[in-house]
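Position in the sequence shown (from 1) plus 80 gives the number in this note's numbering.
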Amino acid sequence: GLFVFAPFLQTTVQPFIISLFHGIPGLSSLFAGPPYGIGLLTSSLILAIMVLPFITSITKDVFDTVPAVLKESAYGIGCTTWEVTRRVTIPYTRVGIMGGVMLG
């Protein structure tokens, strides 16, 4: 990941960020200097991409624990799939989702 993202961030993203925050007093010192491509931004992006499959797997397993009766009752009163996910599945599994995010 480092060999792919570092040159891309060095040539495109970091010069844009440096020019964007150039006039702001507190932020300009954070992004001052030459864009090396290897730094906190690159490592954070790579780490976020690395833990995403783990968090997705945990979330899928937690979503499978929702009782079918709850989902079927929501469909029975006319909810769409999005409404069932938003109003039944996520509130029922909120603690498990947060646990998966914290473990990731």
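Just so you know, even glycine gets a beta-carbon here, dropped at the ideal spot from N, CA and C.
For clarity, every value in this text was computed on a predicted model and none was experimentally measured.
Item checked: Bounding residues of the alpha helix (DSSP H) (the contiguous stretch that carries Asp141) -> Against the sequence shown, residue 141 aligns to sequence position 61. Asp141 -> alpha helix (DSSP H) spans Leu120 to Phe143.
Checklist line | Three-state secondary structure assigned by DSSP to Ile157 | finding: Residue numbering aside, residue 157 sits at position 77 when the sequence shown is read from its first letter. Of the three classes helix, strand and coil, the one that applies to Ile157 here is coil, per DSSP.
Next item on the list: Have a look at Gly156 and Tyr172 and give me their C-alpha separation to the nearest angstrom.
Entry: Here the question's residue 156 lines up with position 76 in the sequence shown. Here the question's residue 172 lines up with position 92 in the sequence shown. Taking the straight line from one Cα to the other gives about 18 Å.
Next item on the list: Find the nearest neighbour of Gly81 within the set Gly106, Ala148 and Thr122, judged by alpha-carbon distance.
Entry: Locating residue 81 in the sequence shown gives position 1, counting from the first residue. The candidate whose alpha carbon is nearest that of Gly81 is Thr122.
Next item on the list: Under 7 Å Cβ to Cβ from Phe101, same chain only, skipping five residues before and after it: list those, please.
Entry: Here the question's residue 101 lines up with position 21 in the sequence shown. Once the five neighbours on either side are set aside, the close Cβ partners of Phe101 are Leu107, Ser108 and Phe111.
Next item on the list: Answer yes if the region 161-175 comes into contact with the region 123-133, meaning at least three C-beta pairs across the two stretches below 8 Å, and no otherwise.
Entry: no
Notebook entry, point to check: Taking DSSP as the reference, what is the three-state secondary structure of Pro114?
Noted result: Counting from one through the sequence shown, the residue named residue 114 turns up at place 34. Pro114: coil per DSSP, three-state reduction.
Checklist line | Cα-Cα separation between Ser137 and Pro147, rounded to whole angstroms | finding: The residue labelled residue 137 in the question sits at position 57 within the sequence shown. The residue labelled residue 147 in the question sits at position 67 within the sequence shown. Ser137 and Pro147: Cα-Cα distance of roughly 19 Å.
Item checked: Separation of Ile97 from Ile104, as counted between CA atoms -> Translated into positions along the sequence shown, residue 104 becomes position 24. Translated into positions along the sequence shown, residue 97 becomes position 17. Computed Cα separation, rounded: 12 Å.
Checklist line | Span of the alpha helix (DSSP H) around Val175 | finding: Here residue 175 refers to the residue found at position 95 when the sequence shown is read from its first residue. Counting along the chain, the alpha helix (DSSP H) containing Val175 begins and ends at Ile170 to Leu183.
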